[in-house]
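Worksheet for the structure shown next.
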Amino acid sequence: MSFVSFGRKVFLPRERVIAVMPISASVEKKLRNVNFYANKIINASFGRQPRTAVVMDSGHVVLIPTRYKIALRVIWGRRRK
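Residues are numbered in the working numbering as their position in the sequence shown, beginning at 1, plus a constant of 1.
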């Protein structure tokens, strides 16, 4: 199992990532409202503005402060064109 690092002690298992999506303020509020009761949202932004949501196969949503394109490149290994 390989892990992906997003700095400041945030490590995610690459094999368990289902989707990566950019978030805005409105999308973040909707995510918080939907997943609030299930306790499946993890804010790993350390006080910074979350910019990317990573959906895991366990149903957890991890909010990270990394930009969407950088997160894609780190998780899936995509290069710049």
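Ideal Cβ positions, reconstructed from N, Cα and C, are used throughout, including at glycine. It should be emphasised that the depicted structure is a prediction, and the values quoted were computed from it without experimental measurement.
**Prompt:** Using a C-beta cutoff of 7 Å, does Asn40 count as contacting chain C?
**Reply:** Given the protein chain composition of this structure (a single chain), no chain C is represented.
**Asked** So what's Ile24 in DSSP terms, helix, strand or just coil?
**Response** coil
**Prompt:** Roughly how many angstroms lie between the CA atoms of Lys41 and Ala54, to the nearest whole one?
**Reply:** 12 Å
**Request:** Please confirm whether Leu64 and Val21 have their CB atoms less than 7 Å apart.
**Result:** no
**Item:** Backbone CA spacing between Ser3 and Phe12 [nearest angstrom]
**Value:** 10 Å
**Message:** Going by DSSP in three states, Asn34 sits in which element: helix, strand or coil?
**Reply:** helix
**Asked** Is Val11 helix, strand or coil by DSSP?
**Response** coil
**Message:** Looking only at its chain, what residues have a beta carbon closer than 6 Å to the beta carbon of Ala45, apart from the 5 residues adjacent to it on each side?
**Reply:** Val11, Val63, Ile65
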